[in-house]
Amino acid sequence: MNVFRILGDVSHLLAMVILLVKIWRSKSCAGISGKSQILFALVFTSRYLDLLTNFISIYNTVMKVVFLLCAYVTVYLIYGKFRKTFDSENDSFRLEFLLVPVIGLSFLENYSFTPTEILWTFSIYLESVAILPQLFMISKTGEAETITTHYLFFLGLYRALYLANWIWRYHTENFYDQIAVVSGVVQTIFYCDFFYLYITKVLKGKKLSLP
Amino acid sequence: HKNGSEHDEL
Numbered sequence: 237m238n239v240f241r242i243l244g245d246v247s248h249l250l251a252m253v254i255l256l257v258k259i260w261r262s263k264s265c266a267g268i269s270g271k272s273q274i275l276f277a278l279v280f281t282s283r284y285l286d287l288l289t290n291f292i293s294i295y296n297t298v299m300k301v302v303f304l305l306c307a308y309v310t311v312y313l314i315y316g317k318f319r320k321t322f323d324s325e326n327d328s329f330r331l332e333f334l335l336v337p338v339i340g341l342s343f344l345e346n347y348s349f350t351p352t353e354i355l356w357t358f359s360i361y362l363e364s365v366a367i368l369p370q371l372f373m374i375s376k377t378g379e380a381e382t383i384t385t386h387y388l389f390f391l392g393l394y395r396a397l398y399l400a401n402w403i404w405r406y407h408t409e410n411f412y413d414q415i416a417v418v419s420g421v422v423q424t425i426f427y428c429d430f431f432y433l434y435i436t437k438v439l440k441g442k443k444l445s446l447p
Numbered sequence: 002h003k004n005g006s007e008h009d010e011l
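Residue numbers (the numbering used here), protein chains in the order written: chain V, 237 to 447; chain Y, 2 to 11.
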C-alpha cells in the first residue's frame with residue numbers, strides 16, 4: 237500500500253459520496269447518467285465476487301462493501317426514489333455498444349480462463365468505458381451542473397492516482413498487472429478533455445457548458 | 002502478474 241493507492245481510493249470514495257449527497261440534497265438526479273451508474277454497479281459486482289471466497293485485508297473488505305453499497309444506493313435513487321427527475325431522454329447511449337466488445341474481450345484476453353477471473357477481467361474492461369454514457373450525456377445537453385463536474389473530477393483523479401500507484405509498484409515491487417494498467421491508461425485518457433474544461437472553466441467559477 | 006483471485010487493488 238502506497239500513498240498514491242490510498243489517495244486514489246479516497247478520491248474514488250469521495251466521488252461516489254459527492255454524487256450521492258448531490259442527489260439526496262437536491263432530491264434530483266437531473267444531468268446524471270443512470271446508465272453509467274448501472275455500469276459501475278455491474279463493475280463492482282463482477283469484480284468483488286472474491287469477497288465471498290478470498291480474504292485480503294480488513295481495509296480491502298470494508299472498501300469493497302462500501303463501494304458496492306454506494307453503487308447500488310445511487311442506482312436505486314436514480315431509478316427508484318427520484319426517477320421522476322431522471323432525464324432518460326438524454327441518457328441515450330447504447331449500452332450494447334460497450335457491453336458486447338467488453339464481454340468479447342474479457343473472454344479473449346484474461347489471466348486464466350476461469351469464471352471468477354473472466355468476471356474480474358470483464359469488470360476491469362467495463363470500468364474503463366463505464367463513464368462514456370455520462371460524458372455522452374454532457375456533450376448532448378452541452379452542460380453540467382458544477383457539483384456533477386466535481387464528481388467527475390474526483391473519479392478522474394482516482395484513475396490518475398492509480399496510474400501513479402502502478403508506476404510506484406513497478407519500481408518498488410517489480411509488480412505490474414498488464415490488463416489493469418492498459419485499461420487504466422485508456423480510462424484516464426477519456427477524462428483528459430474533461431480535466432481541461434474543469435481547470436479552465438469550473439475552477440474559475442464558471443459553469444461547465446460546451447459551445 | 003498476480004494470478005487467480007489475488008487482486009488486492011480496488
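All C-beta atoms in this analysis are idealised placements derived from N, C-alpha and C, irrespective of residue type, glycine included.
Only a predicted model underlies this, so the values are computations on that prediction, with no experimental measurement involved.
Check, Outcome
"Cβ of V/ASP245 less than 8 Å from any chain Y Cβ?", "yes"
"Go through its chain and collect everything with a Cβ distance to V/TYR387's Cβ below 6 Å, but skip five positions before and after it.", "ALA251, ILE254 and LEU255"
"May I ask you to verify whether the segment 344 to 361 of chain V touches the segment 278 to 295 of chain V, counting CB pairs closer than 8 Å and requiring at least 3?", "yes"
"Using Cβ-Cβ distances below 8 Å, what residues of the segment 336 to 359 of chain V are close to chain Y?", "TYR347, SER348, THR350, THR352, GLU353 and TRP356"
"Report buried or exposed for V/TYR432, applying the criterion of at least 16 other Cβ atoms within 10 angstroms of its Cβ.", "exposed"
"Any Cβ of chain Y within less than 8 Å of the Cβ of V/ASN410?", "no"
"Do V/ILE367 and V/ALA416 have their C-beta atoms closer together than 8 Å?", "no"
"Using a C-beta cutoff of 8 Å, does Y/GLU10 count as contacting chain V?", "yes"
"At which residues does the alpha helix (DSSP H) containing V/ARG319 begin and terminate?", "Segment: none, V/ARG319 is in no alpha helix (DSSP H) and carries neither H nor E."
"Starting from the beta carbon of V/MET252, find every residue of chain A whose beta carbon is closer than 9 Å, and list them in chain order.", "As a matter of chain content, chain A is missing from the structure shown, whose protein chains are V and Y."
"DSSP three-state label for V/GLU379, please.", "strand"
"Are the beta-carbon atoms belonging to V/SER463 and V/LEU444 less than 8 Å from one another?", "Beyond the ends of chain V as shown, which are 237 and 447, falls residue 463 of chain V; an answer cannot be given."
"Under three-state DSSP, which class holds V/SER364?", "helix"
"Are the Cβ atoms of V/PHE307 and V/PHE329 separated by less than 8 Å?", "Note on residue identity: the sequence assigns Ala, not Phe, to residue 307 of chain V. Going by C-beta atoms, V/ALA307 is not nearer than 8 Å to V/PHE329."
"Name the chain Y residues that come within less than 7 Å of V/PHE490, Cβ to Cβ?", "Nothing can be reported for residue 490 of chain V: it is not among the residues displayed for chain V, which extend from 237 to 447."
"Of the choices V/SER293, V/ILE403, V/THR297 and V/SER419, whose alpha-carbon is the least far from that of V/SER364?", "V/SER419"
"Taking only three categories from DSSP, how would you classify V/LEU444?", "strand"
"Taking the alpha-carbon positions, what's the V/PRO369 to V/ASP327 distance?", "7 Å"
"Could you tell me the distance, in whole angstroms, from the CA atom of V/VAL422 to the CA atom of V/GLN414?", "12 Å"
"Quick one: is V/GLU332 buried, meaning 16 or more other Cβ sit within 10 Å of its Cβ, or exposed?", "exposed"
"If you compare alpha carbons, which of V/VAL279, V/ASN401, V/THR436 and V/PHE411 is closest to V/PHE240?", "V/ASN401"
"Helix, strand or coil: how does DSSP classify V/ARG283 here?", "helix"
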